[in-house]
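What follows is a short report on a single structure.
Chains as they are written, first to last, in my numbering: chain A, 2 to 299; chain B, 259 to 558.
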């Protein structure tokens, strides 16, 4: 694989992790336009941990995941009683507030004689852990996909356990779920913390692969894509968001003639799909059929 | 001290009147279909860019650009209604909202492909002279802004409260099926509600652009956020609430800008929206319905 392809594949892996965080919330019926905020929080947390505090990569990513989980749990608590578009708009407002706070966030410390760290609007430069420690782009890409595989396996396990159907039941009708003795609030809170951790993980991986981020990266654009991946790919299985990312980055961004019109094609595609298949390409009936077919083959 | 307070409040009211118009558009669409149109700001952007295009290409003055802005917004609004709302009349509210989000990105990209520079000049309505009123300074274009906004609001109020079209609109907002049974053409009324909202938004976009005398590529997002925050502040679905919410947002922003700068101003707007949603999801008016729903939910 050449360097360009390695970059694209790594990007697909990171975006899939982010898309899965929005997917997890979609399962419990919450449409979040704000996952980019936790992506940003994770990026800054992991970057600070390696570049300023000298931590190794793995604990830094874990730290980012923790920050994301705590952050989204904190947002989920007050927004629990919001439903439908009220929740979506609240997450959107929160994410934009976080972006502006990151523009105002200065945390500069001298490292090896250079002043390092987040510098407000100028962003966070020189998060060079990968390069300083001689980790190749290919190895890093494989690491990202290993993590993604673990997360997908966890989702598959969740779907087969009793938890998966319960999450979907809450998403379908939370009142009915509550009447059936499901602790809706607890499930929503745990799902939120999980979604925050996933988004922050993706952010932590992202900042190390590009070495530089600025608050503008975590704009609403990123949030739309995050959400749209699940809706295009399908809400029937955790492979749906991955399929959505593959369609967008793997297909639209790599085709050079199309890249200029990417948002026009992508936006139209989302609108069209929502009319034809409101729950995405890999929706629940198709996911079930595929699952049964796979079972027979085995 | 007091002079500054008054000065900021007046400037906030002028900006707030444009916010109020955008909030009215949001509220009008939400009131009749019960769904949020996130592409509304992008619709306004298409309109304003159409005005810029006319201005650049034919050196059109303010009147021709104003017509182009409103027409552009109406055409874009019809496109959004046909793609995001008409095919999903009976679907979940969320589906339409997400589709409109996607169309937002599409319109914004199309507008920036047509006019790729970051910012463009826009013909000003009145040259920026100021009127001295005691210690206060009044910008002439701000006064025009307030006046035009007031006229549009009055016209809208009459259209919704006093005309036959408005009666149909309110009947559909109350119960679309019942309105259909008594012979209202629901499809057509909803369509015209979107056209009306886009036209009102077009006027707001034109007012803002001609007061700023330039338009940037951020206009779509800006308009969506300002209109949405103002509409939510007032309580989505309430026309008078939208006006109050717009003015409130304008005044709060003017003070925040004067006290702490543009970043803090934007931060204040977002935090205001977030806190309001948590504390009073129904906005300043319209809390009763939310509480009724919450009570019903609590009984289960």
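Where a beta carbon is used, it is the ideal one built from N, C-alpha and C, also for glycine.
(1) Which residues in the same chain have their Cβ closer than 6 Å to the Cβ of residue 92 of chain A, if we skip the five residues on either side of it in sequence?
(2) If you measure beta-carbon to beta-carbon, which residues of the region 61-88 of chain A are closer than 8 Å to chain B?
(3) Residue range of the alpha helix (DSSP H) that residue 42 of chain A falls in?
(4) Would you mind working out which of A/65, A/71, A/27 sits nearest residue 194 of chain A, comparing C-alpha positions?
(5) Of all the CB atoms in chain A, is at least one closer than 7 Å to the CB of residue 534 of chain B?
(6) Quick one: measure Cβ to Cβ for residue 309 of chain A and residue 130 of chain A, integer angstroms, because I've assumed they're closer than 8 Å.
(7) Are the Cβ atoms of residue 407 of chain B and residue 275 of chain B separated by less than 7 Å?
(8) Along the alpha helix (DSSP H) that carries residue 310 of chain B, what are the first and last residues, could you check?
(9) For residue 290 of chain B versus residue 427 of chain B, is the C-beta distance shorter than 7 Å?
(10) Check this for me: beta carbons of residue 233 of chain A and residue 251 of chain A, under 7 Å apart or not?
(11) Residues in the same chain with beta-carbon distance under 6 Å from residue 395 of chain B, minus the five sequence neighbours each way, listed in chain order, please.
(12) With 7 Å set as the bound, which would you pick, yes or no: does the beta-carbon of residue 528 of chain B sit closer than that to a beta-carbon of chain A?
(13) Considering only residues of the same chain and omitting the five flanking positions on each side of residue 516 of chain B, which have a CB-CB separation below 8 Å?
(14) Please state the DSSP three-state secondary structure of residue 348 of chain B.
(15) Given this structure, state the Cα-to-Cα distance separating residue 435 of chain B from residue 345 of chain B, to the nearest angstrom.
(16) Consider the Cβ of residue 170 of chain A: report whether some Cβ of chain B lies at a distance smaller than 7 Å.
(17) I want to know whether the region 486-503 of chain B touches the region 276-296 of chain B - three or more CB-CB distances under 8 Å.
(18) Cutting at 7 Å between CB atoms, please list the residues of its own chain near residue 161 of chain A, excluding the five before and the five after it.
(19) Alpha carbons only, please: which of B/272, B/279, B/379 is nearest the one belonging to residue 313 of chain B?
(20) Report yes if the CB atom of residue 22 of chain A is closer than 7 Å to the CB atom of residue 200 of chain A, and no otherwise.
(21) To which residues of the same chain is residue 230 of chain A closer than 6 Å at the C-beta, ignoring the five residues directly before and after it?
(22) Mind checking which residues open and close the alpha helix (DSSP H) that includes residue 191 of chain A?
(23) Given a cut-off of 7 Å on the beta-carbon distance, is the pair residue 458 of chain B and residue 302 of chain B in contact?
(24) Could you tell me whether the Cβ atoms of residue 43 of chain A and residue 204 of chain A are closer together than 7 Å?
(25) Below 8 Å between beta carbons is the criterion; list the residues of the region 87-108 of chain A that meet it against any residue of chain D, in chain order.
(26) Counting only Cβ pairs nearer than 8 Å, list the residues of chain B close to residue 228 of chain A.
(27) For the pair the region 293-311 of chain B and the region 323-330 of chain B, tell me if three or more CB-CB distances fall below 8 Å.
(28) According to DSSP, is residue 170 of chain A part of a helix, a strand, or is it coil?
(29) So the candidates are B/440, B/485, B/317, B/439; which of them puts its Cα closest to the Cα of residue 455 of chain B?
(30) Which residues in the same chain as residue 159 of chain A place their Cβ atom closer than 7 Å to its Cβ, once the five residues preceding and following it in sequence are excluded?
(31) Whole-angstrom Cβ separation of residue 469 of chain B and residue 524 of chain B, contact assumed at under 8 Å?
(32) Output, in chain order, the set of chain A residues within a Cβ distance shorter than 7 Å of residue 259 of chain B.
(33) Under 7 Å, Cβ to Cβ, is there at least one residue of chain A near residue 448 of chain B?
(34) Residue 304 of chain B: which of B/320, B/352, B/373 sits nearest, CA to CA?
(35) Tell me whether residue 113 of chain A sits in a helix, a strand or coil according to DSSP, three-state version.
(36) Can you give me the Cβ contacts of residue 287 of chain A inside the same chain, cut-off strictly under 8 Å, excluding the 5 residues immediately before and after it?
Short version:
(1) Locating residue 92 of chain A in the first chain gives position 91, where the first residue counts as 1. The residues are 33, 34, 35.
(2) If the cut-off is 8 Å between Cβ atoms, the region 61-88 of chain A has 79, 80, 82, 83, 85, 86, 87 near chain B.
(3) As a position in the first chain, residue 42 of chain A is number 41, starting the count at 1. Counting along the chain, the alpha helix (DSSP H) containing residue 42 of chain A begins and ends at 36-48.
(4) Counting from one through the first chain, the residue named residue 194 of chain A turns up at place 193. Measuring C-alpha to C-alpha distances from residue 194 of chain A to each of A/65, A/71, A/27 identifies A/71 as the nearest.
(5) Taking the second chain and counting its residues from 1, the one referred to as residue 534 of chain B is at position 276. It does not: the Cβ of residue 534 of chain B has no partner Cβ on chain A nearer than 7 Å.
(6) Lying before the first or after the last residue shown, residue 309 of chain A is absent from chain A, which here runs from 2 to 299.
(7) Taking the second chain and counting its residues from 1, the one referred to as residue 407 of chain B is at position 149. Taking the second chain and counting its residues from 1, the one referred to as residue 275 of chain B is at position 17. Yes; because the gap between Cβ atoms is below 7 Å, this pair is in contact.
(8) Sequence index remark: in the second chain, residue 310 of chain B carries index 52 (1-based). First-last of the alpha helix (DSSP H) with residue 310 of chain B: 298-316.
(9) If you number the second chain from 1, residue 290 of chain B lands on position 32. If you number the second chain from 1, residue 427 of chain B lands on position 169. In this structure, residue 427 of chain B lies closer than 7 Å to residue 290 of chain B by Cβ.
(10) As a working mapping, residue 233 of chain A is identified with position 232 in the first chain. As a working mapping, residue 251 of chain A is identified with position 250 in the first chain. Not closer than 7 Å, so no.
(11) Translated into positions along the second chain, residue 395 of chain B becomes position 137. The residues are 388.
(12) Here residue 528 of chain B refers to the residue found at position 270 when the second chain is read from its first residue. For residue 528 of chain B, the answer is yes, since a Cβ of chain A falls inside 7 Å of its Cβ.
(13) As a working mapping, residue 516 of chain B is identified with position 258 in the second chain. Excluding the 5 residues flanking it on each side, residue 516 of chain B has same chain C-beta neighbours closer than 8 Å at 262, 266, in chain order.
(14) In the second chain, the residue the question calls residue 348 of chain B occupies position 90. Here DSSP, grouped into helix, strand and coil, assigns residue 348 of chain B to coil.
(15) Along the second chain, one-based indexing puts residue 435 of chain B at 177. Along the second chain, one-based indexing puts residue 345 of chain B at 87. Note on geometry: alpha-carbon atoms of residue 435 of chain B and residue 345 of chain B lie some 17 Å from one another.
(16) Along the first chain, read from residue 1 onward, the residue named residue 170 of chain A stands at position 169. No - not a single Cβ of chain B is within 7 Å of the one on residue 170 of chain A.
(17) Yes: the two stretches touch, three or more of their Cβ pairs being nearer than 8 Å.
(18) Within the first chain, numbered from 1, the residue matching residue 161 of chain A stands at position 160. Excluding residues within five positions, none has a Cβ falling inside 7 Å.
(19) The residue you call residue 313 of chain B lines up with position 55 of the second chain. Answer by Cα proximity: B/379.
(20) Against the first chain, residue 22 of chain A aligns to sequence position 21. Against the first chain, residue 200 of chain A aligns to sequence position 199. A contact, by the Cβ cut-off of 7 Å.
(21) Your numbering for residue 230 of chain A matches position 229 in the first chain. Hits under 6 Å: 20, 242, 245, 246.
(22) The count along the first chain starts at 1 and reaches residue 191 of chain A at position 190. Per DSSP, residue 191 of chain A is one residue of the alpha helix (DSSP H) stretching across 185-211.
(23) In the second chain, counting from the first residue as 1, residue 458 of chain B sits at position 200. In the second chain, counting from the first residue as 1, residue 302 of chain B sits at position 44. At least 7 Å separates the beta-carbon of residue 458 of chain B from that of residue 302 of chain B.
(24) Along the first chain, read from residue 1 onward, the residue named residue 43 of chain A stands at position 42. Along the first chain, read from residue 1 onward, the residue named residue 204 of chain A stands at position 203. In contact: residue 43 of chain A and residue 204 of chain A (Cβ atoms closer than 7 Å).
(25) The chain inventory of the structure shown lacks chain D, comprising the protein chains A and B.
(26) As a first step, residue 228 of chain A must be located in the first chain, where it is residue number 227. For the C-beta of residue 228 of chain A, the chain B residues within less than 8 Å are, from N- to C-terminus, 356, 359.
(27) In short, these stretches touch, since the Cβ pair count reaches three.
(28) Here residue 170 of chain A refers to the residue found at position 169 when the first chain is read from its first residue. In the structure shown, residue 170 of chain A adopts helical secondary structure according to DSSP, grouped into three states.
(29) On the second chain, residue 455 of chain B is found 197 positions in, with the first residue counted as 1. Checking every option, the nearest Cα to that of residue 455 of chain B belongs to B/485.
(30) Residue mapping note: residue 159 of chain A aligns to position 158 of the first chain, counting from 1. Excluding residues within five positions, the ones whose Cβ falls inside 7 Å are 165.
(31) Stepping through the second chain from its first residue, residue 469 of chain B is reached at position 211. Stepping through the second chain from its first residue, residue 524 of chain B is reached at position 266. At roughly 18 Å, the Cβ-Cβ gap does not stay under 8 Å, so residue 469 of chain B and residue 524 of chain B are not in contact.
(32) Taking the first residue of the second chain as 1, we reach residue 259 of chain B at position 1. For residue 259 of chain B, no chain A residue has a Cβ inside 7 Å of its Cβ, as the nearest lies near 27 Å away.
(33) Within the second chain, residue 448 of chain B is the residue found at index 190, counting from 1. Judged by the 7 Å Cβ criterion, residue 448 of chain B is not in contact with chain A.
(34) If you number the second chain from 1, residue 304 of chain B lands on position 46. Of B/320, B/352, B/373, the residue nearest in Cα terms is B/373.
(35) Mapped onto the first chain, residue 113 of chain A falls at position 112. DSSP places residue 113 of chain A in coil when its eight states are reduced to three.
(36) The count along the first chain starts at 1 and reaches residue 287 of chain A at position 286. Contacts found: 235, 237.
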